[in-house]
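Undergrad:
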Amino acid sequence: MPKSEIISQKIIEIRGHKVLLDFDLATLYNTETRTLKQAVRRNSHRFPEDFMFELTKDEWNSIRSQIVILKSGRGQHSKYLPFAFTEQGVAMLSSVLNNEKAIEINIAIMRSFVSLRKFALTYEELTKRVTEIEQQFPDIYKALNHLMDSKQNRQIQEERKKIGYTK
Numbered sequence: 133m134p135k136s137e138i139i140s141q142k143i144i145e146i147r148g149h150k151v152l153l154d155f156d157l158a159t160l161y162n163t164e165t166r167t168l169k170q171a172v173r174r175n176s177h178r179f180p181e182d183f184m185f186e187l188t189k190d191e192w193n194s195i196r197s198q199i200v201i202l203k204s205g206r207g208q209h210s211k212y213l214p215f216a217f218t219e220q221g222v223a224m225l226s227s228v229l230n231n232e233k234a235i236e237i238n239i240a241i242m243r244s245f246v247s248l249r250k251f252a253l254t255y256e257e258l259t260k261r262v263t264e265i266e267q268q269f270p271d272i273y274k275a276l277n278h279l280m281d282s283k284q285n286r287q288i289q290e291e292r293k294k295i296g297y298t299k
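Residue numbers for the sequence shown follow the numbering used here, so the first one is 133 and each next one is one higher.
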């Protein structure tokens, strides 16, 4: 499976933001989650709330139950809640990690976010177009009924017995 597809599958929506979780990023960057978190905590001034946020216990439990993220035994009793990184947070993360692998993966992640945004826009445009077409249906039906009525009137006129002068 291409890297961009793998990344796209890991992007989830939390608090209205498309995000990647810290352990998914650590896997992509080929580093340990604790190393990634350590780098983020050392540079916390680079990660405002709209770049990165820590999940609440309820959010984490909800995600775990919906996506079945963790197998039993692996990380199930983690001491810290995961971080969620928005697109801007991922961009900042590559500067914090500052290695070739991080830059390469970051480019792939940015492309995945862009393709998701394009898909969302296309979906919105299609929804809008379908709504417009549905709103036009009553007008189309009226026009068709009018045409059918006028056609029936012509048939009735042609079927009538003509009186008067005929050729």
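Beta carbons are placed, not taken as given, at the ideal position from N, Cα and C, and that holds for glycine. Because the structure is a prediction, the values reported are computed rather than measured.
1) Are the region 151-168 and the region 222-231 touching, with three or more C-beta to C-beta distances below 8 Å?
2) Per the contact definition of three or more C-beta pairs closer than 8 Å, is the region 143-163 in contact with the region 174-181?
3) Check for me: the alpha helix (DSSP H) holding residue 181 runs from which residue to which?
4) Return the chain-ordered ranges of every alpha helix (DSSP H) run that is complete within the region 205-267 and spans a minimum of 4 residues.
5) Tell me residue 150's beta-bridge partners as DSSP assigns them.
6) Return the residue from the list 281, 248 and 191 that minimises the CA-CA distance to residue 139.
7) Would you mind reading off the limits of the alpha helix (DSSP H) that contains residue 165?
8) Give every residue of the same chain whose Cβ lies closer than 6 Å to the Cβ of residue 220, excluding the five residues on either side of it in the sequence, and list them in chain order.
9) Output the distance between the C-alpha atoms of residue 236 and residue 273, rounded to the nearest integer angstrom.
TA: Short version:
1) Two segments are said to touch when three or more pairs of C-beta atoms, one from each, lie closer than 8 Å; by this definition the region 151-168 touches the region 222-231.
2) With a cut-off of 8 Å, the region 143-163 and the region 174-181 do not count as touching, because too few Cβ pairs lie within range.
3) Unbroken run through residue 181: none, as it is neither H nor E.
4) If only complete runs of 4 or more residues are kept, the region 205-267 shows the alpha helix (DSSP H) at 219-229, in order along the chain.
5) Looking at the DSSP assignment, residue 150 forms a beta bridge with 145.
6) Nearest of 281, 248 and 191 to residue 139, Cα basis: 248.
7) Here the alpha helix (DSSP H) through residue 165 covers 165-174.
8) Answer for residue 220: 183, listed in chain order.
9) For residue 236 and residue 273, the distance between alpha carbons rounds to 56 Å.
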